Structures are given as structure tokens and as C-alpha cells.
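Asks: Residue numbers (this note's numbering): 14 to 563.
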Amino acid sequence: MPDSTSDFTSKAQQQIAGMKQEAKEQDIREKAKRMGYPYVNLLHFSVNPDLRAFISQEKSVKAKAAAFFKSGKKVRLAVLNPDLPATKALVTELKIKGYDVTVIICSPESLQNAQMVYFAEEKEKHGKLAETVLTGKTFTAAEEIEHLEGLKEKIEHSPFDEALTQIQVGAYSARASDIHFQPQDKDVLVRFRIDGVLRPVFNLSREVYGGLIKQIKYLSHLKLNITNVPQDGQYGFVVNQRKINVRISLMPSHYGETIVMRLLDTARAFEAFEKLGYEGQALSNVEEALKLPHGMILVTGPTGSGKTTTMYSMLQSVDTKSKKVITLEDPIEYDLNGITQSQVNHNVDYNFATGLRAILRQDPDVIMIGEIRDLETAETAAQASLTGHLVISTLHTNSALESISRLVNMGVKSFILAPAIDLIIAQRLVRRLCECAEEKPMSESEKEQIELLTASILKKGIEAPVVSQALKHPKGCKKCGQTGYAGQIAIAEVLRFDQVLRDLILEGKPMSEIHNYIFEHLKMLTLQEDGVLKVLRGVTTLEEIYRVAA
14 MPDSTSDFTS
24 KAQQQIAGMK
34 QEAKEQDIRE
44 KAKRMGYPYV
54 NLLHFSVNPD
64 LRAFISQEKS
74 VKAKAAAFFK
84 SGKKVRLAVL
94 NPDLPATKAL
104 VTELKIKGYD
114 VTVIICSPES
124 LQNAQMVYFA
134 EEKEKHGKLA
144 ETVLTGKTFT
154 AAEEIEHLEG
164 LKEKIEHSPF
174 DEALTQIQVG
184 AYSARASDIH
194 FQPQDKDVLV
204 RFRIDGVLRP
214 VFNLSREVYG
224 GLIKQIKYLS
234 HLKLNITNVP
244 QDGQYGFVVN
254 QRKINVRISL
264 MPSHYGETIV
274 MRLLDTARAF
284 EAFEKLGYEG
294 QALSNVEEAL
304 KLPHGMILVT
314 GPTGSGKTTT
324 MYSMLQSVDT
334 KSKKVITLED
344 PIEYDLNGIT
354 QSQVNHNVDY
364 NFATGLRAIL
374 RQDPDVIMIG
384 EIRDLETAET
394 AAQASLTGHL
404 VISTLHTNSA
414 LESISRLVNM
424 GVKSFILAPA
434 IDLIIAQRLV
444 RRLCECAEEK
454 PMSESEKEQI
464 ELLTASILKK
474 GIEAPVVSQA
484 LKHPKGCKKC
494 GQTGYAGQIA
504 IAEVLRFDQV
514 LRDLILEGKP
524 MSEIHNYIFE
534 HLKMLTLQED
544 GVLKVLRGVT
554 TLEEIYRVAA
């Protein structure tokens, strides 16, 4: 099974990393012997927390040294290189104070472990710091990035916990979905993903970034001494009395570990479908499907298309007082009240398929599955929808029609697939125009594209706004950071199954025939058609529509 192979590969990588570390420790031991110093391995050593008051974090980091033992005036100091000027200065300072200092050489990984005593203290302060960073003022994305650029010097000279807090709270204030740390030759580029687009914030020194990595790993319960294999983790912080979950992904790269932090705010996860961008018949189809006692609803699209937000908004519309709702996620992104949430664990063979079978024994009314990845999960989910459960899940496909062929190609039998599915949504996110947008006369190319798409919409019996001679275009202002856009909205294909469509699938008709029926008789709007309606209403632009739905 793929999961077993993945687990085996991960364990093998960890074993290889362990062997490399052992070899590295042996090299350090021989180096210490040549230099005439003792050697110590502190990888599994717990430093007394009281020692953090003996040598400050700033001095420890600067001198690349840490005290790991103190009894009276006797002190044992682990160092990377006793000849470093900062290390010599620290030893001299301690001796002047009357301490009997024994200098012992250790590996960088050992030193990191010894310095964890400082991060333990920082973890205690972490949540409180986030609460005090914001003053209550609301910043635009551009203002927040400008604010952070001004704080760069302060961040460079702050303790690592404060530096991290400044960055992540700044990202939250700018409504960023992700923070990217990208190591380069001489420094580290920090970028925020805002409205689906990456925006540079500033460049950090590699020294500060090294401290941030340790802080992030510690908060996420990840291994500090593992740097050559990917690691995933999570932690949370509180800002303005709101809990923000942070999903961490680390990956080795040419210039060091690269980090992506996904910020997950429950309060921002749930929006009314109208606010998400659903309207007209598409909105009615979604609302009607959610009222059904059983059936399957699929939300499709690539990564970053808002599938999770749409699914969580669906769950918010379910009456959890009278219905039992269980989710199976990888990982759990938002904490939901009144809902049972379960997270897959590939290390113990608890995947979507095995988890779904367990859920069915828990007497659920509504089931949300993070993703359908294989035949077993697809068939079990379909069977569940046929036996009295409302099932909501996602597929990584590009269109509603492609979702049908994907499930068929997976091996799901047509006599199970056809009656099981009630609704398929194919979704993308486009940027909303900022209020600073200005009208400009349409170019010939724009006019041609608009007329082509509106003709198709009108042919389906759907009203479209009157096409004027001008369209709104991005202008740019301080509020939107000169981008011309602020926020995102969904464009979607919403396919509601009827009996004729089910019969076509049952009879094994070719996809071309199913395609014609969906667009000619069910009159489903394509992504581009739904998008052009929003263009004509001045919500977004043709460029945005073709950027995500070419």
C-alpha cells in the first residue's frame, strides 16, 4: 500500500539521518581530542532550567556556547569552537566572576539541544506575546507589510520568540494565508501569501533565521537535529482573544531548511455561501443538496482553490443539535464546536479508508472526509451515502465533469456512483477588485471574449448583466498595496444530478454525451461563465478569470 511505503521510506530516512549524526559525533569527538579538549554528546541530555538565568540566551547564541552543568563555582560549558572570540570572551567573563570553567566541545546539534532550555521559557510566553503585539488598530495588507519592513531591525535584534511573534501576528493582520521562509545564498527571503499571491516582506539574516527554525520546531514538537528530511507539525497562538492554528511544513533545500507556515483562523473559515461567491441557481443547488438526508457532495479543485473553506461552511449549515457530524481530516485544520473530528495517522495504518469504516460504526448523520484518494475510500463513501448518510468530500480534479470520469477510472462501479452523488462543485478563487478600481473602455479582445461568454450564458436561459462599453480594472492604492485587488471570491461550476444524468452514467455512455447533457439540458455554468458574470458586476477582472480557469 502507498501509505505503508511512505511510512517505510520515512523510517528509513530517519535511520539514515541517525547514522549520519553518529558519524558526525565521532568526527567532533576526534576533533576535540586533537585540540586537547574533552567531548560531550548532549543530544539526549536535559539541561536544568535554572541555568537559563546563569547565561542569557543572547550570550549563549552569540558565543555558541551553553552551560549544561553547575555545582557551586564549578561550571561545564559546551562550545562549538573554543577559539571563537565570543566564546573566549564568555569564558573570561565567567572566570573573572570566580567560576571554575571546564570548556567541552560538542556538535551543533548537541548545542541546539542544550539551548532548548531557553525555548522552553519562550514557549510559556508565546501566547501572551501575541496578545500584546496588536494595539487594536486595523492595518491593510500594504500597511502591515510596510509596518513589518520598519520592524526589520527590531526583529533582527529581538529574542527569537518575539521575532517570530512579530512576523506571524503581522501576517495575520495582513490577512495572509501563508508565511514563506526561503533561504538564499546570503540571507532568507520572507514572503506572505495574500489573496492567493505571494508578496515579499523583507530579508532576514541567516543567523536570525537559524534561531527562528529552532523556535518553530520546538513549538511544533519537531526534531531539532533532523535537517535533511521533511517534517510537518503544528502549534497555535492567540491574538485578540482568537486562537490561530499554524500548520508547519519544513523541507531541506540547497541553502538550508525552507519553511511554510499555514495560518488557520476558525473565525475566518466560515462564510455564508453568498459571501463565498455563490449566487442564483448555483446557490439554490448547494442549499437544496445540504437539506437532503443522504447523498454525496463533492468539492473539487486544485490546492489553494478554497475547497476546505467551502466544506467547513457546509458543515456550519448543518443542525448539529439534532444530527451527529463526524469529520476525518489530514490534518484537522479548524476546531469545530459540536462536531466530532478525527485525524488520520499513517504511522498506525489509520487512513481515510480505515477511518471511514470506523466512522460508520459511530452512528453519524453527516460525514466529512478530507479527500477521496483511492478506490476503497471512494466506494465506502458512496455506499455510506446510499445507506442514510450525507457525505461531503473533496477530489483533486479540474472540473465537475472530470470528477465523474476520475471516479469511474478509479474503479467505482456505475451502479454505485450514479445514485450516490447529488452535487459536484468545481471551484477556483479569484481576487476581488479593490474599491479603488476604475472603469476603462473595453478593448476589442475583451469585448470579443465578453460577448462570446455572455451569449453562451443567455443560451442557457440565465440572465446576465447588460454589457456596457467599459469594465472595471485594477488601479492600485495604499489600502491594496498598489495591487488593485483586496480579498478573494469563488467562481464555480455547480452540477446537480438528475435522473437522466444518473441513467447516462448507469448505461456507461461516453463522456462526450454526458458533457453535452450537462451543459445543454442541465444548463450548468462553466468556471469562465460564472466568472464573467462577476466581471460584468465589477467584482473581478477577465485577467483573474483566465489566470485560474484558462
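Note that beta-carbon positions come from the ideal geometry of N, C-alpha and C, so glycine has one too. The structure presented is a predicted model; accordingly, all values stated were derived computationally and were not measured.
Could you compute how far the alpha carbon of T467 sits from the alpha carbon of A477?
Replies: Answer to the nearest angstrom: the Cα atoms are 7 Å apart.
Asks: What does the alpha-carbon distance come out to for the pair Q34 and N241?
Replies: Distance between the alpha carbons of Q34 and N241: 11 Å.
Asks: From the DSSP secondary-structure annotation, give me the bridge partner or partners of S84.
Replies: Partner(s): K87.
Asks: Hey, how far is the Cα of V251 from the Cα of M381?
Replies: Between V251 and M381, the C-alpha separation is close to 27 Å.
Asks: The beta strand (DSSP E) spanning L446 covers which residue range?
Replies: Unbroken beta strand (DSSP E) run through L446: 434-446.
Asks: How about I352 and L328: are their beta carbons less than 8 Å apart?
Replies: The answer is yes: Cβ separation under 8 Å.
Asks: When you compare each of F283, E459, V182, Q195 to L211 by their alpha carbons, which one comes out closest?
Replies: Here the closest residue by C-alpha is Q195.
Asks: Check V548 in the structure and name its three-state DSSP category.
Replies: It is helical.
Asks: A45 to P172, Cα distance in whole Å?
Replies: The straight-line gap from Cα to Cα measures roughly 31 Å.
Asks: For the alpha helix (DSSP H) that G249 lies in, which residues bound it at each end?
Replies: G249 -> not in any alpha helix (DSSP H); beta strand (DSSP E) instead, spanning 244-252.
Asks: Rounded C-beta distance between S418 and M524? I'm assuming under 8 Å.
Replies: S418 to M524, Cβ: 6 Å. Contact.
Asks: Quick check on DSSP: helix, strand or coil for I518?
Replies: I518: helix per DSSP, three-state reduction.
Asks: Kindly indicate the opening and closing residues of the alpha helix (DSSP H) around D174.
Replies: 173-186 is the extent of the alpha helix (DSSP H) around D174.
Asks: Under a three-way DSSP split, which group does G489 fall into?
Replies: Three-state result, G489: coil.
Asks: In the DSSP assignment, find the alpha helix (DSSP H) that holds V74 and state where it starts and stops.
Replies: Segment 70-76, the alpha helix (DSSP H) holding V74.
Asks: Hey, is A371 close to the ligand COA, as in C-beta under 7 Å from one of its heavy atoms?
Replies: Ligands are entirely absent from the displayed structure, and the ligand COA is therefore not among its contents.
Asks: Taking the alpha-carbon of H160 as reference, which of V513, G183, N61 has the nearest alpha-carbon?
Replies: Among V513, G183, N61, the Cα nearest to that of H160 belongs to G183.
Asks: In angstroms with no decimal places, state the Cα-to-Cα distance between E459 and K453.
Replies: In a straight line, the C-alpha of E459 is about 11 Å away from that of K453.
Asks: Counting C-beta neighbours from all protein chains within 10 Å, is the total for P315 16 or more, i.e. buried, or is it exposed?
Replies: Exposed: under 16 other Cβ atoms inside 10 Å.
Asks: For Y363 and E384, I'd like the C-alpha separation in whole angstroms.
Replies: Y363 and E384: Cα-Cα distance of roughly 14 Å.
Asks: Who are the near neighbours of P121 in its chain, counting only those whose CB is closer than 8 Å to its CB and skipping five residues on each side?
Replies: Excluding residues within five positions, the ones whose Cβ falls inside 8 Å are L93.
Asks: According to DSSP, P213 sits in a beta bridge with which residue or residues?
Replies: Its beta-bridge partners are R204.
Asks: Starting from L408 and walking both ways along the beta strand (DSSP E), at which residues does that stretch end?
Replies: Counting along the chain, the beta strand (DSSP E) containing L408 begins and ends at 403-408.
Asks: Rounded to the nearest angstrom, how far is the Cβ of A439 from that of Y291, given a contact under 8 Å?
Replies: That pair is no contact at about 13 Å.
Asks: With three or more beta-carbon pairs closer than 8 Å as the criterion, would you say the stretch 78-86 touches the stretch 55-65?
Replies: These segments touch.
Asks: Could you pull out every residue in the same chain whose Cβ sits closer than 8 Å to the Cβ of I97, ignoring the five residues on either side in sequence?
Replies: A small fix is needed here, since residue 97 is Leu in this sequence, not Ile. Hits under 8 Å: A76, K77.
Asks: Using the DSSP secondary-structure output, state which residues sit across from N258 in a beta bridge.
Replies: BP columns for N258 point to G249, L277.
Asks: What runs of the alpha helix (DSSP H), each 4 residues or longer, lie entirely inside the stretch 333-387?
Replies: The qualifying runs are 365-373.
Asks: Report buried or exposed for M324, applying the criterion of at least 16 other Cβ atoms within 10 angstroms of its Cβ.
Replies: With 16 or more Cβ atoms within 10 Å of its Cβ, M324 is classed as buried.
Asks: Helix, strand or coil, according to DSSP, for G500 in the structure here?
Replies: Strand.
Asks: Write down the C-beta distance between S326 and L289 rounded to the nearest angstrom, noting that I regard them as a contact closer than 8 Å.
Replies: With a Cβ gap of about 6 Å, S326 and L289 count as contacting.
Asks: Rank K227, N238, G209, K199 by C-alpha distance to the C-alpha of R219 and give the top, closest one.
Replies: Cα-wise, what sits closest to R219 is K199.
Asks: Taking the alpha-carbon of G317 as reference, which of I502, E38, V513 has the nearest alpha-carbon?
Replies: Comparing Cα positions, the closest option is I502.
Asks: Leaving out the 5 sequence neighbours to the left and right, which residues in its chain are closer than 7 Å to G111 when beta-carbon positions are compared?
Replies: Result list for G111: K86, in chain order.
Asks: Report the three-state DSSP secondary structure of E451 (helix, strand or coil).
Replies: Strand, per DSSP.
Asks: What three-state label does DSSP hand K495 in the structure shown?
Replies: Note that residue 495 is Gln in the sequence shown, not Lys. DSSP places Q495 in coil when its eight states are reduced to three.
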